[in-house]
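Participant: Protein chains in written order, with this note's numbering: chain A, 4 to 221; chain B, 4 to 221; chain C, 4 to 221; chain D, 4 to 221. The beta carbon of each residue, even a glycine, is placed where N, CA and C say it ideally should be. Predicted, not measured: the structure shown is a model, and the values here were computed from it. My questions will all concern the structure given below.
Protein chains: 4
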Amino acid sequence: MAEAAKTEVVSRSALRRQREREQRYQTILSSAETLFAAKGYQGTSMEEIADLAEVSVGTLYFYFKNKEDLLVQLLDGIGFRIREVVGSAFSRAEPSLDGFTRAGLAFFEEFCLPHPEKLAIVFREAVGRGSMVEASRKEIFEKFIADVLSALLRLADKEGASYKSRFSAEVMAVSIVGMYERVAYNYLIWHDRTDDLPEIAENAVEFTVGGIEKLLAK
Amino acid sequence: MAEAAKTEVVSRSALRRQREREQRYQTILSSAETLFAAKGYQGTSMEEIADLAEVSVGTLYFYFKNKEDLLVQLLDGIGFRIREVVGSAFSRAEPSLDGFTRAGLAFFEEFCLPHPEKLAIVFREAVGRGSMVEASRKEIFEKFIADVLSALLRLADKEGASYKSRFSAEVMAVSIVGMYERVAYNYLIWHDRTDDLPEIAENAVEFTVGGIEKLLAK
Amino acid sequence: MAEAAKTEVVSRSALRRQREREQRYQTILSSAETLFAAKGYQGTSMEEIADLAEVSVGTLYFYFKNKEDLLVQLLDGIGFRIREVVGSAFSRAEPSLDGFTRAGLAFFEEFCLPHPEKLAIVFREAVGRGSMVEASRKEIFEKFIADVLSALLRLADKEGASYKSRFSAEVMAVSIVGMYERVAYNYLIWHDRTDDLPEIAENAVEFTVGGIEKLLAK
Amino acid sequence: MAEAAKTEVVSRSALRRQREREQRYQTILSSAETLFAAKGYQGTSMEEIADLAEVSVGTLYFYFKNKEDLLVQLLDGIGFRIREVVGSAFSRAEPSLDGFTRAGLAFFEEFCLPHPEKLAIVFREAVGRGSMVEASRKEIFEKFIADVLSALLRLADKEGASYKSRFSAEVMAVSIVGMYERVAYNYLIWHDRTDDLPEIAENAVEFTVGGIEKLLAK
DNA sequence: AATGAATGAGATTTCATTCAT
DNA sequence: TATGAATGAAATCTCATTCAT
Numbered sequence: 004m005a006e007a008a009k010t011e012v013v014s015r016s017a018l019r020r021q022r023e024r025e026q027r028y029q030t031i032l033s034s035a036e037t038l039f040a041a042k043g044y045q046g047t048s049m050e051e052i053a054d055l056a057e058v059s060v061g062t063l064y065f066y067f068k069n070k071e072d073l074l075v076q077l078l079d080g081i082g083f084r085i086r087e088v089v090g091s092a093f094s095r096a097e098p099s100l101d102g103f104t105r106a107g108l109a110f111f112e113e114f115c116l117p118h119p120e121k122l123a124i125v126f127r128e129a130v131g132r133g134s135m136v137e138a139s140r141k142e143i144f145e146k147f148i149a150d151v152l153s154a155l156l157r158l159a160d161k162e163g164a165s166y167k168s169r170f171s172a173e174v175m176a177v178s179i180v181g182m183y184e185r186v187a188y189n190y191l192i193w194h195d196r197t198d199d200l201p202e203i204a205e206n207a208v209e210f211t212v213g214g215i216e217k218l219l220a221k
Numbered sequence: 004m005a006e007a008a009k010t011e012v013v014s015r016s017a018l019r020r021q022r023e024r025e026q027r028y029q030t031i032l033s034s035a036e037t038l039f040a041a042k043g044y045q046g047t048s049m050e051e052i053a054d055l056a057e058v059s060v061g062t063l064y065f066y067f068k069n070k071e072d073l074l075v076q077l078l079d080g081i082g083f084r085i086r087e088v089v090g091s092a093f094s095r096a097e098p099s100l101d102g103f104t105r106a107g108l109a110f111f112e113e114f115c116l117p118h119p120e121k122l123a124i125v126f127r128e129a130v131g132r133g134s135m136v137e138a139s140r141k142e143i144f145e146k147f148i149a150d151v152l153s154a155l156l157r158l159a160d161k162e163g164a165s166y167k168s169r170f171s172a173e174v175m176a177v178s179i180v181g182m183y184e185r186v187a188y189n190y191l192i193w194h195d196r197t198d199d200l201p202e203i204a205e206n207a208v209e210f211t212v213g214g215i216e217k218l219l220a221k
Numbered sequence: 004m005a006e007a008a009k010t011e012v013v014s015r016s017a018l019r020r021q022r023e024r025e026q027r028y029q030t031i032l033s034s035a036e037t038l039f040a041a042k043g044y045q046g047t048s049m050e051e052i053a054d055l056a057e058v059s060v061g062t063l064y065f066y067f068k069n070k071e072d073l074l075v076q077l078l079d080g081i082g083f084r085i086r087e088v089v090g091s092a093f094s095r096a097e098p099s100l101d102g103f104t105r106a107g108l109a110f111f112e113e114f115c116l117p118h119p120e121k122l123a124i125v126f127r128e129a130v131g132r133g134s135m136v137e138a139s140r141k142e143i144f145e146k147f148i149a150d151v152l153s154a155l156l157r158l159a160d161k162e163g164a165s166y167k168s169r170f171s172a173e174v175m176a177v178s179i180v181g182m183y184e185r186v187a188y189n190y191l192i193w194h195d196r197t198d199d200l201p202e203i204a205e206n207a208v209e210f211t212v213g214g215i216e217k218l219l220a221k
Numbered sequence: 004m005a006e007a008a009k010t011e012v013v014s015r016s017a018l019r020r021q022r023e024r025e026q027r028y029q030t031i032l033s034s035a036e037t038l039f040a041a042k043g044y045q046g047t048s049m050e051e052i053a054d055l056a057e058v059s060v061g062t063l064y065f066y067f068k069n070k071e072d073l074l075v076q077l078l079d080g081i082g083f084r085i086r087e088v089v090g091s092a093f094s095r096a097e098p099s100l101d102g103f104t105r106a107g108l109a110f111f112e113e114f115c116l117p118h119p120e121k122l123a124i125v126f127r128e129a130v131g132r133g134s135m136v137e138a139s140r141k142e143i144f145e146k147f148i149a150d151v152l153s154a155l156l157r158l159a160d161k162e163g164a165s166y167k168s169r170f171s172a173e174v175m176a177v178s179i180v181g182m183y184e185r186v187a188y189n190y191l192i193w194h195d196r197t198d199d200l201p202e203i204a205e206n207a208v209e210f211t212v213g214g215i216e217k218l219l220a221k
């Protein structure tokens, strides 16, 4: 019984530690996100991140291998988020142009609009930072593209149609992702047209749909 | 007569100097381009650029204010090149969907295919490098977008049609540029699919045309 | 009890750290002083200072913002020292010409003679080095002058006399400081007349006294 | 006759060249003076001097061995000027305290007031710049001191008196120069009290006279 | 686990000086 | 004589990373 009690206590404090650890990890990541988006990856020093997260520099290196690793993990988190919000919208969407439309709008309204810093990280700060980061960034794009691609394939399947050329579907997926990326960057990072975004998104998505119809050989 | 001869000589040597200056400027720029594309902007030191250009480090600073300025000038040159090759294709194109197609193909085949390093500079190395660079990069995009936009407007004009919403044309221009950007990056930088590029380009362009038709309200 | 012991240990090591920090700070300052006096401010590189202080260059920048800051802090320390030795002699002196004499001699014998490097720093190395340094140097002079001035005023007060013109006292204070400065510089830096200094100082001080009497309108 | 004429011509153009050379030399010196006083010796680049003098950098090195030499020559010119204006006033003065007074006032009113830049050069910019410059600066002071000293000796001689100690005269000369230096620097460089200078000078000079009387053992 | 002082390699930049024309 | 492009040594400073406590 005494044993059990002790175990209980140990395990309770172990749990608390575990929780604190996870929390600290998140605090650091979110501090880094804020600073990277505001002052740039290069422009942010490890010390600044530590300060904002209210930990010491040494602690940063307990949770992350190095600065690049911090960015990679940040990126992975953002990639997860994109899929959660958008990718799933694509994959869950009933295979129809309507489903496509809804998924596209979700990207703009549910991801870009509430998270402009994440946008800045993936599309600006993580670009051109060495191989690890580029690999992680590439993976985000590839998964996004794969989600769109699979939606396109299911769409054709359901319509009993096929695409004009062997590359059509893939190229379309890549194109759609590129479109979304630049539209978001242009209207949220370069020009703050937050208010117009819904209408802008609609146009972008409809443009997409037009392209798909064009390459769908019934 | 002796005077004239002397003047002649002076002017001749002055001309040669002028020529050498221009040449050296270009040599430095092209060395920087090569290295930035291969090893990244940060990964390339001024000394390496000097070595490749076969000049001293000091000379670099005689021609360029600092490293950032070197990148900005490089970027400006590339921007000029894009407009020359592509922008003009858009603006010269007869205002028709066919003209659009040809201009789009020109981007892929006449700019991206022969200049993958320039692609890497604009779309990767120049991203997230401080305000001067970002401004220059933004300008390249804005001009590209403006060229596409004006082509879209002339097209509608000629067809006697208009676009569905007040933002349609602009959003389409931004979308098209984003599409082209990522398609090129994906198939030339991330995956070397040089051989497939013509077919890929055709699909991308046709997708574009479909989108335009969709938003063109006759 | 274990807790208390632990706290004890922590606090003890914290104290030691604090002490080491202060010590290192002083070591760096004194290394810089030695080198600046011997080889000049410009002639001394940060690396040389680091070597002499047996720390790394990075450590220099941990303790001082930059090279100028190092000089400024050095200067501040010297200024403090001058006041300690001399300024206080002036202000503590009974308000009499005799007190003046003793304070003047203290400057030469207790500050200049034992610290020729400090002399070289304030009167040679810190001259003409940008605004921060000049400001710090100016402050040293102003305080020195203020000390002399206040002594002069107290002297007149006690004697029930006043000075000939509204500027007399201030100009005398400035003059005295200038005299002392150049006499010290001339006989310790330019010509090593260490042995004659006591006699030299006496003459200088008596000259001062003559000047004061002259401007004192009883 | 033709020979003579030719010689004539040659010699005339040689004279003109000589004149132009001298003029250019002065232009460069005066440009350097302006810039050194305004931006500091270190803060001024050879290129800036060349620009202001409207010659090329190469030309600078035709007239001066190097940057230090430029400062040394500048200094020599200023030293010459000081003696011309002040030194001579001391040496020409009838050997009397009145002569002393007039010479002292001349320093402030005829040298310092009209040439604050020269003041800044000798007393600030030329301080702590390596051995050549220090030697030149030392020479200026030594000559100034020597002039004052000889006036002091003639004064005692005429009065049939002597100075209290073997060092008195020399120390007084050094003191006087130091006083004048700091008074000028304080009231013209640190605080602009141009308007009060005459009154300030009078006080300083009278202070001097008091000191001399004190050490003069009749 | 956490701390933060210390490290030191490395990069950019400056600028006095040279020299071919 | 004059020019000004080219040089390159030298110096400052940054900051990611380490490690003793």
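#1: Is it buried or exposed, residue 59 (chain C), if we count other Cβ atoms within 10 angstroms and call 16 or more buried?
#2: Step through the CB atoms of chain D and report whether any lies within less than 7 Å of the CB of residue 141 (chain C).
#3: Identify the contact partners of residue 100 (chain A) in chain B, using a Cβ-Cβ distance below 7 Å as the criterion.
#4: When DSSP labels each residue in this structure, what does residue 165 (chain A) get in the three-state scheme?
#5: Given a cut-off of 7 Å on the beta-carbon distance, is the pair residue 183 (chain A) and residue 110 (chain A) in contact?
#6: Grouping DSSP H, G and I as helix and E and B as strand, with all else coil, what is residue 116 (chain B)?
#7: Per DSSP, residue 220 (chain A) is paired with what?
#8: Is there a Cβ of chain B sitting closer than 7 Å to that of residue 182 (chain A), yes or no?
#9: For residue 139 (chain C), which residues in the same chain have their Cβ closer than 7 Å to its Cβ, ignoring the five residues on either side in sequence?
#10: Is any beta-carbon of chain B found at less than 7 Å from that of residue 114 (chain A)?
#11: Assess, as a yes-or-no matter, whether the segment 15–32 of chain C is touched by the segment 18–34 of chain B under the definition of 3 or more beta carbon pairs within less than 8 Å.
#12: Which chain D residues are close to residue 146 (chain C), counting only those with a beta carbon under 8 Å from its beta carbon?
#13: Quick one: what does DSSP say residue 212 (chain C) is sitting in, helix, strand or coil?
#14: For a test of the three-state rule: what should DSSP assign to residue 4 (chain A), helix, strand or coil?
#15: Determine whether the beta carbon atoms of residue 83 (chain A) and residue 202 (chain B) lie at a separation below 7 Å.
#16: Going residue by residue through the segment 54–109 of chain D, where are the continuous beta strand (DSSP E) segments of at least 3 residues, counting only ones entirely within it?
#17: Enumerated in chain order, which unbroken segments of the alpha helix (DSSP H) with a length of 4 residues or greater are wholly contained in the segment 116–189 of chain D?
#18: Taking the alpha carbon of residue 180 (chain C) as the point to measure from, which residue in C:158, C:151, C:91 has its own alpha carbon closest?
#19: Should residue 61 (chain C) be labelled buried (16 or more other beta-carbon atoms within 10 Å of its own) or exposed?
#20: Would you say the beta carbon of residue 199 (chain B) comes nearer than 6 Å to a heavy atom of the ligand ZN?
#21: Which value, in whole angstroms, describes the spacing of the CA atoms of residue 137 (chain D) and residue 68 (chain A)?
#22: What separation, rounded to the nearest whole angstrom, lies between the Cα atoms of residue 70 (chain C) and residue 49 (chain C)?
#23: Would you please state the rounded distance, in angstroms, between the beta carbons of residue 124 (chain C) and residue 85 (chain C)? I believe it to be under 8 Å.
#24: Just mark residue 7 (chain C) as buried or exposed, buried being the case when its beta carbon has 16 or more other beta carbons within 10 Å.
#25: Could you check whether the Cβ of residue 175 (chain D) sits closer than 7 Å to any Cβ belonging to chain C?
#26: Which chain D residues are close to residue 199 (chain C), counting only those with a beta carbon under 7 Å from its beta carbon?
#27: Tell me the rounded alpha-carbon separation between residue 128 (chain B) and residue 142 (chain D).
#28: Taking only beta-carbon atoms, is residue 65 (chain A) less than 7 Å away from chain B?
#29: Shortest alpha-carbon distance to residue 1 (chain C) belongs to which of D:108, D:196, D:132, D:186?
#30: Can you pull the chain C residues whose beta carbon is under 7 Å from the beta carbon of residue 37 (chain D), in chain order?
#31: Starting from the C-beta of residue 200 (chain D), find all residues in its chain whose C-beta is less than 8 Å away, skip the five residues before and the five after it, and write them out in chain order.
#32: Our contact map puts residue 220 (chain B) next to residue 154 (chain B) with C-beta atoms below 8 Å; I'd like the distance itself, whole angstroms only.
#33: Compute the beta-carbon to beta-carbon distance between residue 90 (chain A) and residue 147 (chain A), rounded to the nearest angstrom, for a pair I have assumed lies under 8 Å.
#34: Have a look at residue 38 (chain C) and residue 172 (chain C) and give me their C-alpha separation to the nearest angstrom.
#35: Does DSSP put residue 26 (chain B) in a helix, a strand or coil?
Facilitator: Per the coordinate set shown:
#1: exposed
#2: Yes - at least one Cβ of chain D is within 7 Å of the one on residue 141 (chain C).
#3: By Cβ distance, chain B contributes nothing, its closest Cβ being about 11 Å from residue 100 (chain A), past 7 Å.
#4: strand
#5: yes
#6: coil
#7: A:165
#8: For residue 182 (chain A), the nearest beta carbon of chain B is closer than 7 Å to its own beta carbon.
#9: Cβ neighbours of residue 139 (chain C) beyond the five flanking positions: 75, 78, 79.
#10: Between residue 114 (chain A) and chain B, the shortest Cβ-Cβ separation is not below 7 Å.
#11: no
#12: Near residue 146 (chain C) there are no residues of chain D at all, since even the closest Cβ is about 13 Å away, more than 8 Å.
#13: helix
#14: At residue 4 (chain A), the pLDDT of 45 sits below 50, so the modelled position is not reliable and the matter cannot be decided from this model.
#15: no
#16: none
#17: 119–123, 134–162, 171–187
#18: When the alpha-carbon of residue 180 (chain C) is set against those of C:158, C:151, C:91, the nearest one is in C:151.
#19: exposed
#20: Within the structure as shown, the ligand ZN is missing, as the structure has no ligands at all.
#21: 55 Å
#22: 7 Å
#23: With 8 Å as the limit, residue 124 (chain C) and residue 85 (chain C) do not qualify as a contact, their Cβ atoms being about 11 Å apart.
#24: Bear in mind that the predicted position of residue 7 (chain C) carries a pLDDT of just 45, short of 50, making it unreliable; the figure below should be weighed with that in mind. The residue in question, residue 7 (chain C), is exposed, as its Cβ has fewer than 16 Cβ neighbours within 10 Å.
#25: yes
#26: 170
#27: Rounded to whole angstroms, residue 128 (chain B) to residue 142 (chain D) spans 59 Å at the Cα level.
#28: no
#29: Given that chain C is displayed from residue 4 to residue 221, the structure contains no residue 1 (chain C) and the question cannot be resolved.
#30: Simply none; closest approach about 16 Å.
#31: If we look at residue 200 (chain D) and ignore the five residues flanking it on each side, its Cβ neighbours are 111, 112, 115, 116, 190, 191.
#32: About 18 Å separates the two Cβ atoms, so there is no contact after all.
#33: 6 Å
#34: 38 Å
#35: Helix, per DSSP.
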